[in-house]
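Numbering (the numbering used here), first residue to last: 1 to 998.
Quick look at the structure:
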């Protein structure tokens, strides 16, 4: 990085505009920046830092975006601005920054604040002009930081060397040195590694503790299942050996539980054997008790049979008489049936005779039949009267119909007369509707001819408006495409020109020793051209050409589209004219409304014509109906007279047939009832006579059957006869007595039953108690065995789960041990880290060792070979080691702390340290070359000889094409260094005076 020019306006103590030409000052290699105290020497360096990073070092950045950087001497209308030209990475850049500015309002009173602004431009050597790159604060900041390869803090330590800071660095302890080196070398990633390792250690430790807690929970469950036979280890989760202790205790608990299971199985087997013996004895006693009770019950049943023997013989006698009476049963049934039939016939005869008149009370069956025939003959003589009565009913109905027809014709004539009176008016109204519909149909045809042209013109107008908007949009796209094509072409031409400018490097890339050059033919290539930063190759040029061709094709396509849209617009305008679309739409809408109204009116033509035709038909129908009603009225007069004469003759005939009753039907019903009753009484009398004869015959058969069966009278036979239920009950009793007698004899004949009866009575209660006690012992033994079996199964299950958990936790424990060792080493707390050096301190120690080696080269020259800086990683007291810095005195051969150096020695030691740090940081930043350095103060503490040696060292920097600016107010330096930049202090602000080396 090399500075060329610095422009300062209204910045710090400078009220006006000041310019620094670093190219003129750097020509001599060394230049002096001097001036009285408070004049603004440091403000020049602040301006350089602000131009690059947008802020100034340390506490001088007073507020926000730099509003405190404005000079108090500046005029209100002058805006603060800093501009810097520099070359970095082969590119010449110009950075201009304006901090926020509180200025007077252009209108009214008060002030307003303008935002901060930043410009970044790059010089284009072929064109000889400056090219704008960006106006974004963030983009410019990222671009500068990337090009320089260092942050603002690093830049202030490396380019603007503050000697006071490095003097404190020499005297500081390890912690203070670590903070400064950490800011310069950005070792936060190593601190993050330490933090990450610590977090992973805590996370894995938590996981191990959680796993151990689950393992202990399973151990407590095993202890609960095993009872008091298991002892838990006195260890907390996370402590070593917990898993092994839990697994060992679980193994002991499982062994004890299996022993208990074996004992319980033996006890259960013995209890089951005793129970089987007790059950066998109980069954034997139960069988003896059953046989003894069976014999006793048989003896009791035999005694009861002896007591009931008389009743059994009596029942046998009743059964014998019942069997004899069964032969008389059919005659008894026949006699009962005949008697019942006779009683029913006599009752029916009495009921039938009760309905007859008194004159037929003593008449026989023949007399009643004769009376029934005479009544039937009289009933047959009423058929003609019935037909006359029916005809009279029809005549009355027909006469009523004639009356109804006469009333209906009168109503019809009245309605027809009223309708025909209004016929002319109705016909005129319907005809006028037909005429109006015909006129509307003609108008609709005329309007239909005008509709389509109006629609086409309206559509053309709308298309015209839309194409007008499309034309504007297409024209804008054409302008954009033209600009893009022009930009792509300019970019391609620029890249082509840059490639032609660097074509020598591209050709030199293919050169090989001993092969002829394609341009000059030489076989030796002592100084082939090198590609510079930003070199343009063939591929980049071809990509730019392709982009230019694509942009040009897009431009042509947009122009073609614009021409097509314009042609369509002209066609639409020719068809629609200049009439506004809204007006055409209103005219078309009005025309559509007129057409719709005319169509609606014309649609009524058919219905109006139909109504007129229907009205004519109705007129003809009503005239005809009126004429027909008059004819019917005349014919009804003669018909009515004929009906009246026939009705009078029929009425006279019916009066003779009805007698004293109301109608012939009533007289016929009376005769029908009399005939039916006489006939019923005759039938009932004949049936009673027949039933009396059959009853007499049944009595004779019954007396004969009873005598043959051995009974004295029929009544005795009837008494001996049993019904079905009594017969079944008596037979059941006889069968039961015989069955019981046989069963008792069989039981008393059984040998085992008789033998059991001879033995003492069985003690069933004692045997039952013995069996119950044996069963209780079996249940207790089975319960104990089941509990032991479940205990073994639960311990096996929990032990297996604990084993799985231990195996699952094993990799996690190994990971925890490994992470814990790494975290302890990185944090410096592990016993393996003998020097207690953190990872970040270790990295910084390596950087400090590089800085000390680079600083020693210049320190030995400044001190005439006396002093050497060395890095020390010894521990100081109880603190950590790694950032110690010692100086070796060649005169005494002893190594001592840098804090023991004198004031002048501290100055050139810190200067050497600053220069060495600048070299290391430059290499750390990717090898960015720092061609301009500033050294601030400290030269007043040197004697003349040491000052000459220091200046010789600084002057040697020119060998690497560097320029060094010394910031000092020492008068002797103004005589030794000819290139000077003087800061002059005044009441209206400070000013800069520049003097070249010549």
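We put the CB at the ideal spot given by N, CA and C, even for glycine.
Closest residue to residue 34 among 991, 980, 995 (Cα-Cα distance): Looking at the Cα atoms, 980 is the closest of the given residues.
Residue 819 - containing alpha helix (DSSP H), residue span: 764-827
Residue 827 vs residue 198 beta-carbon contact at 8 Å: yes
Local conformation of residue 65 per DSSP, three classes: At residue 65, the pLDDT of 48 sits below 50, so the modelled position is not reliable; the number obtained from the coordinates is stated separately. Coil at residue 65, not helix or strand.
Uninterrupted alpha helix (DSSP H) stretches inside the segment 545-615 (no shorter than 4 residues): 581-602
Closest by C-alpha distance to residue 256, when choosing among 268, 230, 409: 230
Cβ neighbours of residue 477 in the same chain (closer than 7 Å, five flanking residues each side left out): Sequence-distant Cβ neighbours of residue 477 in its own chain, meaning closer than 7 Å and more than five residues away, are 558.
C-alpha distance - residue 890 paired with residue 898, whole-angstrom precision: 14 Å
Same chain, Cβ closer than 6 Å to residue 985, five either side skipped, listed in chain order: 36, 39
Length of the line joining the Cα atoms of residue 266 and residue 755: 42 Å
Start and end residues, alpha helix (DSSP H) containing residue 213: Taken as a continuous stretch (DSSP letters only), the alpha helix (DSSP H) holding residue 213 covers 188-226.
Burial state of residue 996, where buried means 16 or more other Cβ atoms lie within 10 Å: exposed
DSSP three-state assignment for residue 977, whether helix, strand or coil: coil
Cβ pair residue 399, residue 650 closer than 8 Å: Going by C-beta atoms, residue 399 is not nearer than 8 Å to residue 650.
Cβ contact check for the segment 673-687 and the segment 292-309: 3 or more pairs under 8 Å: no
8 Å Cβ cutoff met for residue 762 and residue 292: yes
When 990, 349, 831 are compared against residue 683, the one with the closest alpha-carbon: 349
Touching by the beta-carbon criterion (3+ pairs, under 8 Å), the segment 415-433 and the segment 593-613: yes
Expected contact under 8 Å - CB spacing of residue 836 and residue 218 to nearest Å: Not a contact, Cβ separation roughly 41 Å.
Nonlocal neighbours in the same chain, by C-beta distance under 6 Å from residue 781, ignoring five residues either side: Only 267, 268, 271 meet the Cβ criterion.
Of the listed residues 260, 93, 8, 98, nearest to residue 793 (C-alpha basis): Nearest of 260, 93, 8, 98 to residue 793, Cα basis: 260.
Cβ separation of residue 6 and residue 48, assumed to be a contact under 8 Å, to the nearest whole Å: 6 Å
Cα-Cα separation between residue 500 and residue 965, rounded to whole angstroms: Their Cα atoms are separated by approximately 39 Å.
Residue 836 (DSSP reduced to helix, strand or coil): coil
Inter-residue Cα distance where the pair is residue 56 and residue 831: 45 Å
Beta bridge counterpart(s) of residue 867 as assigned by DSSP: 889
Own chain, CB closer than 6 Å to residue 20, minus 5 neighbours either side, in chain order: 6
Candidates 454, 52, 191, 123: closest to residue 825 by CA position: 191
Same chain only: Cβ atoms within 7 Å of residue 416, ignoring 5 sequence neighbours per side: 622, 625, 626
Three or more C-beta pairs below 8 Å linking the segment 551-571 and the segment 469-484: yes
C-beta atoms of residue 288 and residue 759 nearer than 8 Å: yes
Integer-rounded CB distance, given that residue 740 should sit under 8 Å from residue 1022: Outside the shown range of the chain (1 to 998) lies residue 1022, about which nothing can therefore be said.
Buried versus exposed, by CB contacts within 10 Å (16 or more), residue 208: buried
For residue 387 and residue 694, the rounded distance between their alpha carbons: 49 Å
Unbroken beta strand (DSSP E) run spanning residue 991, endpoints: If you look at residue 991, you'll find it in the beta strand (DSSP E) that goes 991-995.
Cβ-based neighbour list, residue 971, same chain, cut-off 8 Å, excluding 5 preceding and 5 following: Closer than 8 Å at Cβ, skipping near neighbours: no residue.
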